[in-house]
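Numbering (full-length UniProt numbering), first residue to last: 1 to 284. Each residue gets a CB set at the ideal place from its N, CA and C atoms; glycine is no exception.
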Amino acid sequence: MKLENFTWFLEKQSCLITMINNLSPKSEVHAGQPVKITELVVPSVVKNGSVDSVVLDCVYEFDVSNLEGLVVTWYFEDLHRPVYQWIPPNKPQDLGKFKDRLDLNYTASSDPNEKYRALRILNPTTDLHGEYSCRVSTFDAEDARSATMIVYAPATSFNFSHSKPSMDSVNVSCTAGGIYPRPTLSIYRYPNKRNRSEYKLENIKWTEERTQNGAYEISLSSLVEDQSLRQESMFECELLIPGTGYILKRKMVYFHTSARPVLVHLASKLEVGMQSYFPPGGVR
1 MKLENFTWFL
11 EKQSCLITMI
21 NNLSPKSEVH
31 AGQPVKITEL
41 VVPSVVKNGS
51 VDSVVLDCVY
61 EFDVSNLEGL
71 VVTWYFEDLH
81 RPVYQWIPPN
91 KPQDLGKFKD
101 RLDLNYTASS
111 DPNEKYRALR
121 ILNPTTDLHG
131 EYSCRVSTFD
141 AEDARSATMI
151 VYAPATSFNF
161 SHSKPSMDSV
171 NVSCTAGGIY
181 PRPTLSIYRY
191 PNKRNRSEYK
201 LENIKWTEER
211 TQNGAYEISL
221 SSLVEDQSLR
231 QESMFECELL
241 IPGTGYILKR
251 KMVYFHTSAR
261 PVLVHLASKL
271 EVGMQSYFPP
281 GGVR
């Protein structure tokens, strides 16, 4: 089964693979605690090019009598370089790498002290994969939280093949390309189709390259002696992107006898975890 035959769809335009990071229960603001972040809402997983925008929300509570000098700042990867800053009553600013990549008119609340607390990123792509931090500060106090958003690109190629360097051995090879971030690639051998106990192949040869756009091209191969196999053995290659639920598997059955070995490919299996995400309600 060709990889391109697999389809990906979204139930709604705003739907994407996600989880909500760092959710904390609401709490009251006490004396000496003029501002406190109560929730950092960040899409955990986003498929490259699948949505027109994502919203990262920094929810905070505050003492209205002690809000002088309120500043909301967002950072990406580097805590010394802000990518977004809002100083009420001014309009927010997009900075650095996020210049012209944000919707500066997006509002998360009608409260003038929370109006522009959220970050609405337009057309998120893999270069925006990483750790996001929100800092809310006043002249008297500050609070900060961080969470990671994975922006992944599925594999554009995924192949599992074999070769016979000798009559007594088989070389199994698995390759994947056009994928981001760095995936894990593993080859397993099953003693037979009925016994599903996994045996991860050893003596693995691994090669890895990065393309100009940052995607990974990975190849994995292993030489297996026929004498270590049963007459009928199943091999499986598993490709996954950690933390995303994205998994691809290809399997093949290898027969070896005194006659010429025979290889039979089984249908590939695609497993992709998906959870709907809807941006926080906002006043536009």
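Taking 7 Å as the cut-off, the Cβ atoms of L56 and Y132 count as close.
In this structure, P181 sits near H129, with a CB-CB distance shorter than 7 Å. Taking a contact as a CB-CB distance under 8 Å, the pair E61 and T138 does not count as one, their CB atoms being some 12 Å apart. In this chain, the beta strand (DSSP E) harbouring P165 covers S157 to S166. Using a Cβ distance threshold of 7 Å, V54 and V46 count as a contacting pair. For F235, the secondary structure class from DSSP, reduced to helix, strand or coil, is strand. In the structure shown, T126 adopts helical secondary structure according to DSSP, grouped into three states. Each residue's CA atom was taken as its position, placing S222 and V172 some 6 Å apart.
In the DSSP assignment, the residues bridged to R135 are T73 and A144. Note that the segment 147 to 154 does not touch the segment 77 to 92; fewer than 3 beta-carbon pairs, one per stretch, sit closer than 8 Å. Residues of the same chain with a CB within less than 6 Å of the CB of S163, apart from the 5 flanking positions on each side, are N171 in chain order. Taken in chain order, the complete alpha helix (DSSP H) segments of 4 or more residues contained in the segment 32 to 101 number zero; there are none. Comparing alpha carbon positions, the residue from S157, F160 and V71 closest to Y116 is V71. S110 counts as exposed, since fewer than 16 other beta carbons sit within 10 angstroms of its beta carbon. Going by beta carbons, I37 and D140 fall outside the 7 Å limit. Contact between I121 and R101 holds: CB atoms are separated by about 6 Å, below the 8 Å threshold. In this structure, DSSP gives S109 a state outside helix and strand, which the three-state scheme calls coil.
Counting along the chain, Y180 sits inside no beta strand (DSSP E), nor does DSSP assign it H or E at all.
For T175, the CB contacts under 6 Å within the same chain, skipping 5 residues up- and downstream, are N159 and S219 in chain order.
Proximity to L185 across E236, R210 and R135 peaks at E236, based on C-alpha coordinates.
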